[in-house]
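Residue numbers (this note's numbering): 71 to 261. Everything below concerns the one structure shown next.
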Amino acid sequence: MNRFIDLLRQTTSVWILVSVMASCTGDAPPNPCTGVQLDIIYSASPAIGTGNNGSIAVFNPAGDSVSYKLDNGAFQSSGLFSNLSPGKYVITVRNNRGCLDTAQVTILNYGPKFAQVKQIVSGYCGPCHLNAGNSGNFNFDADASIVAGWQRIKVRCVDGTPSFMPQGGQLTTIDKQRITDWVNAGHRISD
Ligand code: HEC
């Protein structure tokens, strides 16, 4: 008997035991998780500068019996993970039946100046240039398109030539300075 328990302590032996038990009980009941997709909806905020301050917030699925984990961490009831360094993560969500689903999430790294420009664009350039808006043939949904458009963004938002953007208004002096600072620093995502 002791030898049997010793065997059990080895993971591989446990798997053998489990498969033997399954074959003894006849047809296994249908797995309640087969075909279940939990439709994981989340947002990921980049880490800014050298601070490991990225975060992931899972919005769906949600509810008392849903739990979440990050990589190989423990399951927790909150869908919020903070203080993350840039990189790739796997979020696992478990529903009330114990069904699991995963999502791959990337935490980007923004330089502090780009982070401010990104915030300005998100706040003042929609709907005309966001969510597929493409006024003047400029869409800023992708970070790369903000980087590619740095010169026109500066000319239109800071210099106001031939007219100021956002259309029908102007950014504050502080926000114009933020764009200028990013441009002067090298207008990269890392600046
Ligand atoms: C209410 C709609 C609207 C908003 C908001 C808006 N734009 Fe525009 N934008 C336009 C339209 C329309 C054009 C094309 C006409 C023109 O160039 O004036 C344009 C053109 C542009 C162009 C390309 C034209 C060129 O000169 O190269 C850039 C770059 C631009 N906008 C940047 C921005 C930025 C950056 C913001 C936010 C800070 C912004 N816009 C906000 C409507 C908008």
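Every residue, glycine too, gets a C-beta built ideally from N, C-alpha and C.
Own chain, CB closer than 7 Å to residue i, minus 5 neighbours either side, in chain order
{"i": "residue 182", "result": "118, 119"}
{"i": "residue 205", "result": "198, 199"}
{"i": "residue 255", "result": "183, 261"}
Residues of its chain near residue i, where Cβ-Cβ distance is below 8 Å and the 5 sequence neighbours each way are ignored
{"i": "residue 146", "result": "137, 138, 139"}
C-beta neighbour in chain D for residue i, strict 8 Å
{"i": "residue 164", "result": "The chain labelled as chain D is not found in the depicted structure, where only one protein chain is given."}
Spatial neighbours of residue i in its chain, beta-carbon cut-off 6 Å, leaving aside the 5 residues before and after
{"i": "residue 185", "result": "118"}
{"i": "residue 227", "result": "235, 241, 249"}
{"i": "residue 176", "result": "158"}
Exposure label - residue i; buried when at least 16 CB within 10 Å
{"i": "residue 92", "result": "Below a pLDDT of 50, predicted positions are generally treated as unreliable, and residue 92, at 45, falls in that range; the measurement from the model is reported next regardless. Classification for residue 92: exposed."}
{"i": "residue 150", "result": "exposed"}
{"i": "residue 124", "result": "buried"}
{"i": "residue 116", "result": "buried"}
{"i": "residue 130", "result": "exposed"}
{"i": "residue 38", "result": "Nothing in the structure corresponds to residue 38, since the chain is present only between 71 and 261."}
{"i": "residue 81", "result": "Interpretation of residue 81 is limited by its pLDDT of 42, a score under 50 that renders its predicted location unreliable; no figure is taken from the coordinates."}
{"i": "residue 244", "result": "exposed"}
{"i": "residue 163", "result": "buried"}
{"i": "residue 225", "result": "exposed"}
Heavy atom of the ligand HEC within 7 Å of residue i beta-carbon
{"i": "residue 234", "result": "no"}
{"i": "residue 199", "result": "yes"}
{"i": "residue 208", "result": "yes"}
{"i": "residue 215", "result": "no"}
CB contact flag (residue i, residue j, <8 Å)
{"i": "residue 198", "j": "residue 103", "result": "no"}
{"i": "residue 209", "j": "residue 215", "result": "yes"}
{"i": "residue 179", "j": "residue 156", "result": "yes"}
{"i": "residue 220", "j": "residue 191", "result": "no"}
{"i": "residue 217", "j": "residue 259", "result": "yes"}
For residue j and residue i, believed in contact at Cβ under 8 Å, the rounded distance
{"i": "residue 173", "j": "residue 110", "result": "4 Å"}
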